[in-house]
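Engineer: Using our numbering, you'd call the opening residue of the sequence shown number 349 and step up by one each time.
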Amino acid sequence: MTVEEKFGQLQQLTWNPDTGPGEAQNEAARDAASEGRLGSVLNITGAQECNELQRFAVEESRLGIPLVFGLDVIHGFLTTFPVPLAQGASFDPGVVVKDAEVSAREAASWGVHWTFAPMADVSREPRWGRVAEGSGEDPYLTAELTAAKVRGYQGEDYGADGRLAACAKHFVGYGFPEGGRDYNTVDISERRLRDVALPPFKAAVDAGVATVMAAFNTVNGVPAHANRHTLTGILHDELDFDGFVVGDYNGVQELIPHGVAAGEADAARLALGAGVDMEMVSTTYADHGKELLESGEIDLARLDDAVTRILRIKVRLGLFEKPYTDEDGQIDEPSAAARRDARQTAAACAVLLKNEERTLPFEKGVSSLAVVGPLGDDTQELHGTWAGPGARKFPAVSVLEGIRKAAPDAKVTFARGCGITGDDTDGFEKAVAAVRASDAAVVVVGEKASHSGEAAVRSDITLPGVQTELVRRIAATGKPFVVVVLAGRPLVLSGIVEHSPAILNAWHPGLEGGNAVADVLFGKVNPGAKLPATFPRAVGQIAEYYAHENTGRPYDPDNSYTSKYLDLPHGPLFPFGHGLSYTTFGYSELALGEESLSARAVREGDATVTVTVKVKNTGSRAGDEVVQLYIRDKVASLAQPVRRLRGFERITLEAGEQRTVAFELGADDLGFHTNDPKGELLVEPGEFEIYAGGSSEAGLNRTLTLI
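See below:
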C-alpha cells in the first residue's frame, strides 16, 4: 500500500449531516473511494445506495479494498425498542440481546456493517442527556448489559448475515462531565476510572467487541482523543484489544479548541500517537499524515498498526468476499415478530415506582377512563432519542391507542391538558372535567425525545412546563389515577409523588410503547423492572447515587454536623434497584458457602465464595423479581462505597413459589483498584457485609471475613 492509501484507510467521512455539525461529504467520499483513499463512511443507509458507493472503492480503486459503513443503531433501526436506559431497568441481558438482534438484522439488510453502540458509559449525572444511551449508574450492571448487547449485535460471527460489528463507546469517563454539560471536563481519579468507568469496556472487550470509540471529554486534563494512557496503555496493552479505535465526530480536530494541539497537523500527531486508528469526519490524518511521517513525528510502525487493525475488522466482517448487500433482501417495515419483541421489551422495562391502595392494575371491567396529559396521544416522542430511520416512517403506538385496545368496552376520553413545554393552562379545565366524568384516569407526562440524548442537557430535570400543576389539578378531583412518566432520564418527581396514588415510569418505550404501557396498567404484564439509576429529590442533590463513599461524618439525624442538606430529607426519592410489583416477595436464609477465606487465595484466583438466598413469591399472582446482591468492604486502605452491586438475576415465580438463587464472589468483586496508573488490584483482609434483596436498600445481610 502507498502512504496515501494507508492514511486513506484511516479516514471516515459522513454521508449526511444528521448526527453532527457541518455538511455532508458525499462528493468527497466518492472521489476518495475511487482513489483508494477512504476506509469508511457513516450515515449512509439503503442497500442500493450503499452498493453504489461501495463500487467506487471495490471496482475503481487500485487495491479494491471495500468500505465499512457505520451508523448509530442505538435502540432499533426500523423497529424502535425502549431507550437503553430503559433496557437497563430490565436487569435482564436477554432483553438487551433481543433489541440488538432485531436491530442488526434490519440495519444489515440496509447495507450497514457497523453500529456505534453499545454506549458503555457509567453515569451518576441525570442532567447529562446521554444517560438515555447507557445502562445507568452502576458499573456491574452496565458491564453485564454492555457485553450482552455486543453479543446481540455480533453473534458468534459478525461477518454472518444479519449481524453488525459493535462499537463500545465512549472511551473513557464520558459519563462524568462537570455540571452535567455534554463534552465537558472530566476529572476522575485513577481508582474511580478503573473501578467505575472501565469495567463495562473490559466486559465489551472480553465479549469480542470489534471496535471502540474515543470520547469527547478530557480525562484529568488530557483529551480522550490524545490520551495514550487510556487508549494504548489500558485498552491495547492491558486489555489486549485487537480491534480498532475510531474517533468521535470531529474529535481529532477538536484537540485544537481543547488547547492541547497547535493546529491540525499537531492534532493528527497526538491522536494517532495516542491510539486513535480511524478519524471520523475531520481530515487531519489524510491532510497532514504524509508530511508528519516524513518528518518523523508519526511512526511508520504505528501507521501500519492502525491500518492492520482496520483491515482486520474488514476481513472479519467478510467484506472482501461479500462487499455488496442483497438489494432484494432489504427489510421494508417492522415484522410482526419484531413488534412483539418491542412490546414485550417495553413492558419488561417499565418500573412501578408507587402503587398505593392497589390503584393498579385497573379492573378489566372498568367502564370509563380518562387519558390526559401532553403525551397521552403522542406517536413520535415515545420513540426517544437516537431512534433509527423507522421512527420517521412508523408512528409509535400511543398510550391512548393502547388503552383503547386493552379496554374495548370502556368509554375512553382524552384531553391533553397542556403542552410538554410552555405555561399555557387553558386546557386544564377540560382535562379536569374528563377525569371527573370517568371512573379513573391515566395522566401521561414526561419529556420530548429531544430533551435527552447528545447535547440535550437540562439544568432542571423536573417535569417541563406546567405538567406538575396538571397532575396536582387531577389529584384534587379525588378520582383514582396513575401517572405514566415517559422520559429518557431519571426525573425529579418530588412535585407529583405526594399527590399521585400510582406512578409508572415507562421511559421512552419505543414503537410499541402504548401497547406495552396498557399491558402493565391492566395487569396483562406484572411489572418487574427496577431503577438502573437513582431518582433524586431535587436537582441540587445531584450527584445522588447509591454507591457513594461514607464521609467521616455520615448522615445522623440527631447531629447537625453531619453530611446532609438543611432543606431536604436525607436520601433519594427512589433508590437504585427500586421497583414494585403487583405481588410481593420475601427474602430469607442468606448463606455463605464459607464464612472466611484467604485474601491471598481470592486475589490469586484460587478461591471464591458462593452466596445463596431464598426468594419467595408471598403474593397471590405470578411475578418477576430482580434478586440483587451487594457487598460492603467495611475497612480498607482506601475508602470504599457503602454498597456495590455484585450480582443480580431476574426470576419469575408463581404465587407461593420459592427458589434459591446463587451468586459467586471472587477477586473482582471483593477487590478494588488503587491510584497506581498501572492498575493495581488489592484484595485485603477484613470483614465484608453481604446484602441480598430487592433494591440497593436491602437489609438481609451476612458477614464474610477474608484472612
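By construction, the Cβ of each residue, glycine as well, lies at the ideal position given by its N, Cα and C atoms.
Taking the continuous alpha helix (DSSP H) assigned at Thr494, which residues delimit it?
Structural biologist: First-last of the alpha helix (DSSP H) with Thr494: 487-502.
Engineer: Might you give, ordered along the chain, the residues of its own chain that have their beta carbon closer than 6 Å to the beta carbon of Ala864, omitting 5 neighbours on each side?
Structural biologist: Taken in chain order, the residues that qualify are Arg691, Ala694, Ala695, Pro857.
Engineer: Cα separation between Ser1043 and Thr773?
Structural biologist: Rounded to the nearest angstrom, the two C-alpha atoms are 38 Å apart.
Engineer: Nearest-angstrom Cα distance between Lys702 and Leu928?
Structural biologist: Their Cα atoms are separated by approximately 7 Å.
Engineer: Roughly how many angstroms separate the alpha carbons of Leu869 and Asn391, rounded to a whole number?
Structural biologist: Rounded to the nearest angstrom, the two C-alpha atoms are 38 Å apart.
Engineer: Give me the Cα-Cα distance between Pro365 and Val629, rounded to the nearest whole angstrom.
Structural biologist: In this prediction, Pro365 has a pLDDT of 43, which is less than 50 and means its spatial position is unreliable; what the coordinates show is noted afterwards. One C-alpha to the other measures close to 10 Å.
Engineer: If you reduce the DSSP assignment to three classes, tell me which class Gly370 lands in.
Structural biologist: In this prediction, Gly370 has a pLDDT of 48, which is less than 50 and means its spatial position is unreliable; what the coordinates show is noted afterwards. Residue state, collapsed to three classes: coil.
Engineer: My assumption, with CB atoms under 8 Å, is that Glu729 sits in contact with Ala797. Please give the rounded CB distance.
Structural biologist: Right, the Cβ-Cβ distance comes to about 5 Å (below 8 Å), so this counts as a contact.
Engineer: For Asp972, write down the residues that DSSP places opposite it in a beta bridge.
Structural biologist: Note: Asp972 sits in a beta bridge opposite Thr1000.
Engineer: Would you report the Cα separation of Trp363 and Pro1025, rounded to the nearest angstrom?
Structural biologist: Their backbone Cα atoms lie some 40 Å apart in a straight line.
Engineer: Which value, in whole angstroms, describes the spacing of the CA atoms of Val624 and Arg664?
Structural biologist: Whole-angstrom Cα-Cα distance: 20 Å.
Engineer: Between which two residues does the alpha helix (DSSP H) containing Glu353 stretch?
Structural biologist: First-last of the alpha helix (DSSP H) with Glu353: 351-357.
Engineer: Select from Val783, Arg740, Gly770, Gly765 the residue whose C-alpha is nearest the C-alpha of Leu717.
Structural biologist: Considering only alpha carbons, the answer is Val783.
Engineer: Which residue's Cα is closest to the Cα of Glu952: Leu1029, Ser944, His896?
Structural biologist: It is Leu1029.
Engineer: Sort Val974, Ser911, Leu1054 by Cα distance to Asp981 and report the nearest one.
Structural biologist: Among Val974, Ser911, Leu1054, the Cα nearest to that of Asp981 is on Leu1054.
Engineer: Under 8 Å by Cβ, that's how I've got Arg542 and His1021 pegged, so tell me the actual separation to the nearest angstrom.
Structural biologist: The pair is a contact, with the Cβ atoms about 4 Å apart (cut-off 8 Å).
Engineer: Classify Phe439 as helix, strand or coil using the three-state DSSP reduction.
Structural biologist: The answer is coil: DSSP assigns Phe439 none of H, G, I, E or B.
Engineer: Taking the alpha-carbon of Cys515 as reference, which of Gly528, Ala495, Thr761, Thr533 has the nearest alpha-carbon?
Structural biologist: It is Ala495 whose Cα lies nearest to the Cα of Cys515.
Engineer: Kindly identify the DSSP beta-bridge partner or partners of Asp981.
Structural biologist: According to DSSP, which records beta bridges pairwise, Asp981 is partnered with Phe1036.
Engineer: Extract the residue ranges of the beta strand (DSSP E) inside the region 656-740, only unbroken runs of 3 or more that lie entirely within it.
Structural biologist: Entirely contained in the region 656-740, the beta strand (DSSP E) runs reaching 3 residues are, in chain order, 699-703, 716-720.
Engineer: Below 8 Å, can you find three or more Cβ-Cβ pairs linking the region 562-579 to the region 632-648?
Structural biologist: No contact exists between the region 562-579 and the region 632-648.
Engineer: With DSSP as the reference, label Cys515 as helix, strand or coil.
Structural biologist: Strand at Cys515.
Engineer: Leaving aside the five residues before and after Gly581 along the sequence, list all residues of the same chain whose C-beta is less than 8 Å from its C-beta, in chain order.
Structural biologist: Cβ within range, chain order: Pro1025.
Engineer: Would you kindly work out how many angstroms separate the C-alpha atoms of Gly370 and Ser457, rounded to a whole number?
Structural biologist: For Gly370, the pLDDT reaches just 48, beneath the cut-off of 50, and the residue's location in the model is therefore unreliable, although a value from the coordinates is still provided. Using only the alpha carbons, I get a separation of about 28 Å.
Engineer: So is His636 buried or exposed if we call it buried at 16+ other beta carbons inside 10 Å?
Structural biologist: The residue is buried, with at least 16 neighbouring Cβ atoms inside 10 Å.
Engineer: Assuming Arg385 and Val805 are in contact, meaning their beta carbons sit under 8 Å apart, how far apart are those beta carbons, in whole angstroms?
Structural biologist: Contact flag wrong, Cβ pair sits at about 37 Å.
Engineer: Go ahead and pull the three-state DSSP assignment for Pro571.
Structural biologist: In the structure shown, Pro571 sits in a strand (DSSP, three-state: E or B).
Engineer: Assuming Ile809 contacts Val887 (C-beta within less than 8 Å), just tell me the rounded distance between them.
Structural biologist: The pair is a contact, with the Cβ atoms about 6 Å apart (cut-off 8 Å).
Engineer: May I have the straight-line CA-CA distance separating Ser848 from Val792, to the nearest angstrom?
Structural biologist: Taking the straight line from one Cα to the other gives about 12 Å.
Engineer: Classify Asn874: buried if its beta carbon has 16 or more other beta carbons within 10 angstroms, exposed otherwise.
Structural biologist: Buried: at least 16 other Cβ atoms inside 10 Å.
Engineer: Would you mind working out which of Glu795, Ser800, Ser807 sits nearest Thr816, comparing C-alpha positions?
Structural biologist: Of the listed residues, the one whose Cα sits closest to Thr816 is Glu795.
Engineer: Apart from the five residues just before and just after Ala622, which ones in its own chain have a Cβ nearer than 6 Å to its Cβ?
Structural biologist: If we look at Ala622 and ignore the five residues flanking it on each side, its Cβ neighbours are Ala574, Asn575, Arg576, Leu579.
Engineer: Starting from the C-beta of Gly595, find all residues in its chain whose C-beta is less than 6 Å away, skip the five residues before and the five after it, and write them out in chain order.
Structural biologist: Cβ neighbours of Gly595 beyond the five flanking positions: Ala562, His573, Val624, Glu627, Met628.
Engineer: Can you list, in chain order, the residues of its chain whose CB lies under 6 Å from that of Tyr531, leaving out five sequence neighbours each side?
Structural biologist: Phe564, listed in sequence order.
Engineer: Give a yes or no on whether the C-beta atoms belonging to Asp482 and Thr490 are separated by under 8 Å.
Structural biologist: A small correction: the amino acid at residue 482 is Gly; Asp does not occupy that position in the sequence shown. In this structure, Thr490 lies closer than 8 Å to Gly482 by Cβ.
Engineer: Nearest-angstrom Cα distance between Ile1038 and Leu1018?
Structural biologist: Taking the straight line from one Cα to the other gives about 10 Å.
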